[in-house]
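Single-structure report; data block below.
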Amino acid sequence: MEKGKQLALVIGLVVVGFAIMYFVTKAKAEPAPPDDVIVGDCDIEGETKCFGTNLCTCIAKRWRLTEASSLACGYIPPAPDPGVYYNPWGAVRCETYYCRHIPGHADVCGPVGLPA
98 MEKGKQLALV
108 IGLVVVGFAI
118 MYFVTKAKAE
128 PAPPDDVIVG
138 DCDIEGETKC
148 FGTNLCTCIA
158 KRWRLTEASS
168 LACGYIPPAP
178 DPGVYYNPWG
188 AVRCETYYCR
198 HIPGHADVCG
208 PVGLPA
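Per the numbering used here, numbering through the sequence shown is continuous, rising by one, with the last residue being 213.
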């Protein structure tokens with residue numbers, strides 16, 4: 098086996114009622130590339146490409162992560178919780194809403210009766 102690679106032998110046993118099943122398998126793992134490197138080479142310096150929803154840029158002949166979960170690559174952020182008003186600008190006028198401040202974020206407000 099090459100240096101830097103790992104091999105694991107996995108043995109499993111499953112008992113369901115009176116039936117017993119088992120399996121034995123091998124799993125190889127190669128060391129992961131640095132967090133900002135996407136596996137694969139590129140040719141044109143500065144070129145950008147989407148890998149799933151991650152935007153990558155060609156730097157030094159390697160794809161490097163530019164923006165994870167990029168809107169440009171089709172990432173759709175999770176929908177806000179229905180019934181809760183979120184104002185990203187932080188200016189909230191609360192009259193019939195309870196508001197709470199979340200450090201590092203804008204205030205979150207919801208209808209009267211919303212648990213804090």
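We put the CB at the ideal spot given by N, CA and C, even for glycine.
All values reported here derive from a predicted model rather than from experimental measurement.
C-beta atoms of residue i and residue j nearer than 8 Å
i, j, result
"CYS153", "ARG161", "yes"
"THR145", "SER166", "no"
Between the CA atoms of residue j and residue i - distance to the nearest angstrom
i, j, result
"ASP138", "CYS147", "14 Å"
"LEU168", "CYS155", "19 Å"
"ALA176", "GLY143", "33 Å"
Cβ shell of residue i (< 8 Å), same chain only, five flanking positions each side left out
i, result
"ASP140", "CYS155 and LYS158"
Test: residue i CB closer than 8 Å to a CB of chain B
i, result
"THR154", "Going by chain labels, chain B is absent from the structure shown, which holds only one protein chain."
Residues near residue i by beta carbon distance below 6 Å, same chain, minus five either side
i, result
"PRO174", "none"
"GLU164", "LEU152"
"TYR172", "THR150 and SER166"
Those residues which DSSP pairs with residue i across a bridge
i, result
"LEU162", "CYS153"
"CYS147", "LEU152"
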